[in-house]
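*Asks:*
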Amino acid sequence: MTDCDITASAPVLAAIDISKERHEVLIEAPDKKRRRRVSVLNNLDEFDRLISLLRSYQRPVRVAFEATGNYHRALAYQLGSAGFEIKLISSIALARTREALHNSWDKNDPAGRA
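Add 859 to a position in the sequence shown, counting from 1, and you land on the number used in our numbering.
This is how it looks when you write it as structure tokens:
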């Protein structure tokens, strides 16, 4: 098995859990062993803080999140305007993946032990 060679163009990955008041962000940089967790309030100043943080990695950034009501729209607009690659994840695809991985409909039930 060969080792994975990380190049300077490998993107920083950010997964965002969208909610009404605050968004939870999980950031994975290719050259770091640990992921970073950040909470972002749903306002422009906090969006700018997140954008600055993501830019500080000095790499391309790929951001993914599930559409949640209209709460994702302002953040998605700001991140897209900042030049980040935005991926909207389908709710149906997430539900099917969760079911396949955990054999459960309850997203809070680890390994289907309800």
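Note that beta-carbon positions come from the ideal geometry of N, C-alpha and C, so glycine has one too.
1) Mind pulling the alpha helix (DSSP H) runs of 4 or more residues that sit fully within the segment 862–922?
2) Over the uninterrupted alpha helix (DSSP H) stretch that includes A927, give me the two end residues.
3) Output needed for P919: all residues of its chain with C-beta closer than 6 Å, excluding positions within five of it in sequence on either side, in chain order.
4) From M860 to F906, what does the alpha carbon distance come to, in whole angstroms?
5) Enumerate in chain order the residues of its own chain whose CB-to-CB distance from Y936 is below 7 Å, with the five nearest sequence positions on each side excluded.
*Replies:* Here's the rundown:
1) 903–914
2) It should be pointed out that residue 927 corresponds to Thr in this sequence rather than to Ala. First-last for T927: undefined, no H or E at that position.
3) P870
4) Its pLDDT being 48, under 50, M860 is placed unreliably by the model, and the measurement read from it follows with that caveat. Between M860 and F906, the C-alpha separation is close to 41 Å.
5) none
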